[in-house]
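One structure is given below, encoded as structure tokens.
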Amino acid sequence: MFEDANPVVLGLSGGLAILSLYLFSQQMRRNRSLPPGPRGLPIVGNMLDMPKEYEWQHWAKHKDIYGPISTVNVLSTRVIIINDLQTAIDLLENRSSIYSNRPTFPFAGEFIGWNKQMILSQYDERFRLMRKYFKAYVGTKSALIPHKNMQEMETKYFLARVLQNPTSVLEQIRRSAGSIFLKLSHGYTIETSGSDTLVELVENASKEFHTATLPGEWLIDSIPWMRYLPEWWPGQHFKKVGTVMREHNMEQALRPVEFVKRQMEKGVEYPSFTSTLLRRGLTATEAEIIPWGANAMYGGGTDTTTAALTTFILVMVLYPEVQKRAQEELDTVVGQGRLPGLDDRPRLPYMEALLNEVHRFHPIGPMGIPHCVTQDDYYNGMLIPKDSIVLVNLWLIAHNPEVYPDPHKFNPERFYNTDKPQLDPQTFVYGFGRRACPGRELANANMFLLMSMMLSVFNISKAKDENGVEITPKIEFGSGTVSHPKPFPFSITPRSKDAEAFVSSIFEDHPPPPSNAKELLDIYSWIWSLSATSFKGLVFTSPILRTFGLILRNHTNLRSIAALVPGKASIAATSN
Ligand code: HEM
1 MFEDANPVVL
11 GLSGGLAILS
21 LYLFSQQMRR
31 NRSLPPGPRG
41 LPIVGNMLDM
51 PKEYEWQHWA
61 KHKDIYGPIS
71 TVNVLSTRVI
81 IINDLQTAID
91 LLENRSSIYS
101 NRPTFPFAGE
111 FIGWNKQMIL
121 SQYDERFRLM
131 RKYFKAYVGT
141 KSALIPHKNM
151 QEMETKYFLA
161 RVLQNPTSVL
171 EQIRRSAGSI
181 FLKLSHGYTI
191 ETSGSDTLVE
201 LVENASKEFH
211 TATLPGEWLI
221 DSIPWMRYLP
231 EWWPGQHFKK
241 VGTVMREHNM
251 EQALRPVEFV
261 KRQMEKGVEY
271 PSFTSTLLRR
281 GLTATEAEII
291 PWGANAMYGG
301 GTDTTTAALT
311 TFILVMVLYP
321 EVQKRAQEEL
331 DTVVGQGRLP
341 GLDDRPRLPY
351 MEALLNEVHR
361 FHPIGPMGIP
371 HCVTQDDYYN
381 GMLIPKDSIV
391 LVNLWLIAHN
401 PEVYPDPHKF
411 NPERFYNTDK
421 PQLDPQTFVY
431 GFGRRACPGR
441 ELANANMFLL
451 MSMMLSVFNI
461 SKAKDENGVE
471 ITPKIEFGSG
481 TVSHPKPFPF
491 SITPRSKDAE
501 AFVSSIFEDH
511 PPPPSNAKEL
521 LDIYSWIWSL
531 SATSFKGLVF
541 TSPILRTFGL
551 ILRNHTNLRS
561 IAALVPGKAS
571 IAATSN
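This is the structure in structure tokens:
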């Protein structure tokens with residue numbers, strides 16, 4: 001049958017067939033040497049096996065079936081799951097030069113611009129510079145010394161607000177964390193009560209970040225070239241949504257920097273990360289990182305600290321004997337006439353053990369933040385291919401019964417006054433290698449202060465139902481990158497009349513400075529980033545309309561997204 005065929009064509013076809021076979025067998029060999037994992041479907045791979053919630057529990061099952069390291073494939077992306085500490089240290093710490101990248105997110109990262117933020121930055125020069133400045137300002141114990149008084153004062157204001165409105169504790173935890181981070185990042189003072197312009201801006205942007213990074217939600221994440229298709233092409237709706245989100249992202253980063261510049265011009269700035277770098281006369285390329293480095297303090301710190309401190313409240317309700325033990329230590333070391341401060345930390349080992357047990361009991365980032373490997377690597381004979389996404393199950397590490405006996409019990413004694421303390425959970429809850437959390441020292445200091453000040457003046461206990469019967473809350477946590485306890489009832493009361501009098505005098509003795517919200521509202525810098533549609537053009541040419549537009553804008557950020565994305569309003573409004 002091949003008699004008439006051209007021998008050259010025949011030769012080429014044969015060659016191509018052999019080459020394809022060779023490439024296929026190579027691919028099969030590569031696949032065979034990957035860490036083990038479930039068999040996937042053609043093209044979509046293990047897409048249907050991906051967890052929708054409680055990711056850490058889902059991936060924990062892999063350890064029993066496949067061992068400490070496993071693989072799944074989602075379309076063309078390979079995901080490596082690490083379920084034990086030693087493997088995480090071997091790869092992410094000891095080989096951190098190649099395991100420190102982040103995956104790219106075509107929609108959230110590239111289209112919207114969240115890849116300018118430290119957390120999603122690629123591991124390059126710009127990132128290293130940003131991280132260096134960040135760490136120099138708040139990343140070490142000694143860097144935090146100048147901020148000690150401010151942290152203590154803000155935490156005292158927290159106590160006073162809780163006394164005024166005990167049911168608002170969780171809201172006040174977030175407010176207190178936010179006010180410390182915005183002071184550090186921009187020297188900005190937030191409103192003492194009610195909503196605050198800057199807080200709303202950054203909170204809104206972070207909710208949009210969660211919406212934009214929802215797995216499988218945006219077609220462009222699976223088919224990145226979709227962004228180059230014309231607007232009229234089906235499935236281009238993401239462009240409208242993404243453009244609004246991009247404006248909000250720019251606005252939250254640029255507007256507070258403009259605020260700092262104006263404060264500096266007037267000579268009234270409160271020293272901050274931003275003012276320190278602005279004063280330094282950086283090159284334009286270097287200065288580009290300032291808004292994003294500053295943004296990483298509120299963005300990286302507020303939700304995480306709030307989640308951890310909410311866990312603290314939950315365990316105080318459930319383990320009254322631990323609370324009592326901590327209060328005894330505070331009473332003995334600090335006494336009743338004053339509040340504990342950061343200088344007392346070395347003399348409060350039980351409080352320190354309590355802090356560590358809060359971290360361990362439920363790591364607030366149960367699956368950490370994904371790393372990405374920049375070149376092919378081999379580990380125990382297994383191939384970790386270049387560009388694989390690497391996830392570490394921090395929750396499972398924290399609940400390994402060989403390391404932490406009776407792991408579901410909250411027990412600070414694991415780390416207290418013993419010859420053989422159990423493994424310090426800070427070895428892993430803050431992540432690994434060159435991407436490990438740069439806010440660790442700051443987070444620990446804030447948590448320590450709030451926990452110890454709170455326990456010295458308040459009792460945290462079970463709430464009672466309408467019949468006066470105590471309600472025992474369930475231990476339940478939500479899913480997501482940052483995992484918070486689900487809402488639970490509790491009660492907060494002053495420990496004594498003296499404690500109450502002491503806390504109620506805080507505002508009187510130290511009146512809080514006025515908020516900077518008004519100055520921020522006066523700044524239109526964010527208009528630069530708006531795309532010049534005719535409607536916006538009209539609104540922003542007149543000062544009256546402009547002010548109206550600004551107010552409107554501040555109150556409609558969420559709704560504007562909700563209107564564009566049917567069904568996303570609730571996601572945006574409820575995700576933390
Ligand atoms: C309970 C408190 C906190 C916990 C448990 C926590 C945990 C983490 C974890 C697990 C990571 C990922 C590390 C990795 O990829 O290996 C991370 C990254 C990060 N955290 Fe935290 N964090 C906390 C508080 C804070 C605070 C207070 C700040 C800022 C003031 C902050 C800023 C950041 C930033 C900017 C990153 C990204 C670092 C990078 O990509 O290089 N975090 N954090």
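Numbering (full-length UniProt numbering), first residue to last: 1 to 576.
Ideal placement from N, C-alpha and C gives every residue a C-beta, glycine not left out.
Proximity to PRO146 [Cα-Cα], best of ASP343, SER97 and ARG325: Position 146 of the sequence shown, counted from the first residue, corresponds to residue 146. Of ASP343, SER97 and ARG325, the residue nearest in Cα terms is ASP343.
My assumption, with CB atoms under 8 angstroms, is that ALA436 sits in contact with VAL358. Please give the rounded CB distance. Counting from 1 along the sequence shown, the entry for residue 436 is found at position 436. Counting from 1 along the sequence shown, the entry for residue 358 is found at position 358. In fact, because the Cβ distance is near 19 angstroms, the residues do not count as touching under 8 angstroms.
Have a look at the DSSP bridge pairing and note the partners of CYS372. Against the sequence shown, residue 372 aligns to sequence position 372. For CYS372, which the question treats as bridged, DSSP gives the partners ASN101 and ILE389.
How about LEU92 and GLY431: are their beta carbons less than 9 angstroms apart? Taking the sequence shown and counting its residues from 1, one reaches residue 92 at position 92. Taking the sequence shown and counting its residues from 1, one reaches residue 431 at position 431. The answer is yes: Cβ separation under 9 angstroms.
According to DSSP, is ASP221 part of a helix, a strand, or is it coil? As a working mapping, residue 221 is identified with position 221 in the sequence shown. Helix.
Cut-off 8 angstroms between Cβ atoms - residues of its own chain near GLN172, not counting five sequence neighbours on either side: Position 172 of the sequence shown, counted from the start, is the residue given in the question as residue 172. Excluding residues within five positions, the ones whose Cβ falls inside 8 angstroms are PHE158, ARG161, VAL162 and ASN165.
What residues match up with SER76 in a beta bridge as DSSP calls it? Looking up residue 76 in the sequence shown gives position 76. Note: SER76 sits in no beta bridge, so no partner.
Once the 5 residues before and after ILE69 are set aside, which same chain residues still bring their CB inside 6 angstroms of it? Within the sequence shown, the letter at position 69 stands for residue 69. Correct list, in chain order: PRO35, ILE82 and THR87.
Would you check if there are 3 or more beta carbon pairs closer than 8 angstroms linking the region 352-371 to the region 306-326? Between the region 352-371 and the region 306-326 there are three or more C-beta pairs closer than 8 angstroms, enough to call the two in contact.
Under 8 angstroms: does the beta carbon of ILE364 sit that close to some heavy atom of ligand 1? Locating residue 364 in the sequence shown gives position 364, where the first residue counts as 1. Under cutoff, so the answer is yes.
At what residues does the beta strand (DSSP E) containing THR493 begin and finish? Start at 1 with the first residue of the sequence shown, and residue 493 comes out as number 493. THR493 -> beta strand (DSSP E) spans 491-494.
Between the alpha carbons of GLU413 and ILE190, how many angstroms are there, rounded? For the purposes of this step, residue 413 is taken as residue 413 along the sequence shown, with counting starting at 1. For the purposes of this step, residue 190 is taken as residue 190 along the sequence shown, with counting starting at 1. Each residue's alpha carbon lies about 38 angstroms from the other.
To which residues of the same chain is ASN446 closer than 7 angstroms at the C-beta, ignoring the five residues directly before and after it? Indexing the sequence shown from 1 puts residue 446 at position 446. Correct list, in chain order: GLN151, ALA177, ILE180 and THR305.
Buried or exposed (CB count within 10 angstroms, at least 16 for buried), LEU207: Here residue 207 refers to the residue found at position 207 of the sequence shown. A small fix is needed here, since residue 207 is Lys in this sequence, not Leu. By the beta-carbon neighbour count (other beta carbons within 10 angstroms, threshold 16), LYS207 is buried.
Whose CA, out of ILE290, VAL429 and LYS240, lies closest to the CA of PRO256? In the sequence shown, residue 256 corresponds to position 256, counting from 1. Ranking ILE290, VAL429 and LYS240 by Cα distance to PRO256 puts ILE290 first.
Hey, would you say the C-beta of ILE369 is under 8 angstroms away from at least one heavy atom of ligand 1? Working through the sequence shown from its first residue, we reach residue 369 at position 369. Checking the Cβ of ILE369 against ligand 1 gives yes.
For THR276 and ARG495, what's the separation of their Cα atoms in angstroms? Sequence index remark: in the sequence shown, residue 276 carries index 276 (1-based). Sequence index remark: in the sequence shown, residue 495 carries index 495 (1-based). Those two C-alpha atoms are separated by around 41 angstroms.
Could you check the C-alpha separation between LYS518 and SER195 for me, to the nearest Å? Sequence index remark: in the sequence shown, residue 518 carries index 518 (1-based). Sequence index remark: in the sequence shown, residue 195 carries index 195 (1-based). Approximately 12 angstroms between the Cα atoms of the pair.
In chain order, what are the residue ranges of uninterrupted alpha helix (DSSP H) at least 4 long that sit wholly in the region 431-465? 440-457
Assigned secondary structure, SER525 (DSSP; H/G/I helix, E/B strand, else coil): Position 525 of the sequence shown, counting from 1, holds the residue named residue 525. Confidence is the limiting factor: at SER525 the pLDDT is only 46, short of 50, which leaves the residue's position unreliable, though a coordinate-based value still follows. Three-state DSSP puts SER525 in a helix.
Can you tell me whether TYR378 is helix, strand or coil according to DSSP? Residue mapping note: residue 378 aligns to position 378 of the sequence shown, counting from 1. In the structure shown, TYR378 sits in a strand (DSSP, three-state: E or B).
Pull up the CB-CB distance for PHE490 and ILE369, whole angstroms please, since I reckon it's below 8 angstroms. Looking up residue 490 in the sequence shown gives position 490. Looking up residue 369 in the sequence shown gives position 369. Contact doesn't hold; Cβ gap of about 30 angstroms is too wide.
Nearest to ARG262 (by Cα), restricted to the options ALA296, GLU203 and HIS186: The residue you call residue 262 lines up with position 262 of the sequence shown. Residue HIS186 is the option with its Cα nearest to ARG262.
Am I right that TRP292 and MET118 are in contact with their C-beta atoms under 8 angstroms? What's the rounded C-beta distance? Here the question's residue 292 lines up with position 292 in the sequence shown. Here the question's residue 118 lines up with position 118 in the sequence shown. Rounded, the Cβ-Cβ distance is 6 angstroms, consistent with contact.
Closer than 7 angstroms by C-beta to LEU144: which residues in its own chain qualify, once you throw out the five before and the five after it? Chain order, please. Position 144 of the sequence shown, counted from the first residue, corresponds to residue 144. Contacts found: VAL138, GLU441, LEU442 and ALA445.
Closer than 8 angstroms to a non-hydrogen atom of ligand 1 - does that hold for the CB of THR87? On the sequence shown, residue 87 is found 87 positions in, with the first residue counted as 1. For THR87, the shortest separation between its Cβ and any heavy atom of ligand 1 does not lie below 8 angstroms.
Mind checking whether VAL79 and SER272 have CB atoms under 9 angstroms apart? Reading the sequence shown from its first residue, position 79 is the one you call residue 79. Reading the sequence shown from its first residue, position 272 is the one you call residue 272. Not a contact, by the Cβ cut-off of 9 angstroms.
Below 9 angstroms between beta carbons: does that hold for THR77 and PRO103? The sequence position of residue 77 within the sequence shown is 77, counting from 1. The sequence position of residue 103 within the sequence shown is 103, counting from 1. The answer is yes: Cβ separation under 9 angstroms.
Sorry if obvious, but does the Cβ on GLY40 come closer than 8 angstroms to a heavy atom of ligand 1? Position 40 of the sequence shown, counted from the first residue, corresponds to residue 40. No, ligand 1 has no heavy atom inside 8 angstroms of this Cβ.
Alpha carbon of PHE428 to alpha carbon of PRO230, nearest angstrom: By 1-based counting over the sequence shown, the position of residue 428 is 428. By 1-based counting over the sequence shown, the position of residue 230 is 230. Straight-line Cα distance between these residues: approximately 46 angstroms.
Can you grab the Cα-Cα spacing for the pair SER461 / THR418, in whole Å? Taking the sequence shown and counting its residues from 1, the one referred to as residue 461 is at position 461. Taking the sequence shown and counting its residues from 1, the one referred to as residue 418 is at position 418. About 28 angstroms.
For ligand 1, is there a heavy atom less than 8 angstroms away from the beta-carbon of residue 578? The first residue shown for the chain is 1 and the last is 576, placing residue 578 beyond what the model contains.
When you compare only the Cα positions, how much space is there between VAL315 and PRO473? The residue labelled residue 315 in the question sits at position 315 within the sequence shown. The residue labelled residue 473 in the question sits at position 473 within the sequence shown. Going by the C-alpha atoms only, they are around 10 angstroms apart.
Residue ranges of each alpha helix (DSSP H) run of no fewer than 4 residues wholly in the region 118-199, ordered along the chain? 125-138, 141-144, 148-164 and 169-186
With respect to the alpha helix (DSSP H) encompassing VAL334, which residues constitute its N-terminal and C-terminal limits? What you label residue 334 is simply residue 334 of the sequence shown in a count that begins at 1. Boundaries for VAL334: no alpha helix (DSSP H) harbours it, and the DSSP string shows neither H nor E there.
Express the C-alpha separation of ILE506 and TYR54 in angstroms, rounding to a whole number. Working through the sequence shown from its first residue, we reach residue 54 at position 54. Working through the sequence shown from its first residue, we reach residue 506 at position 506. Taking the straight line from one Cα to the other gives about 41 angstroms.
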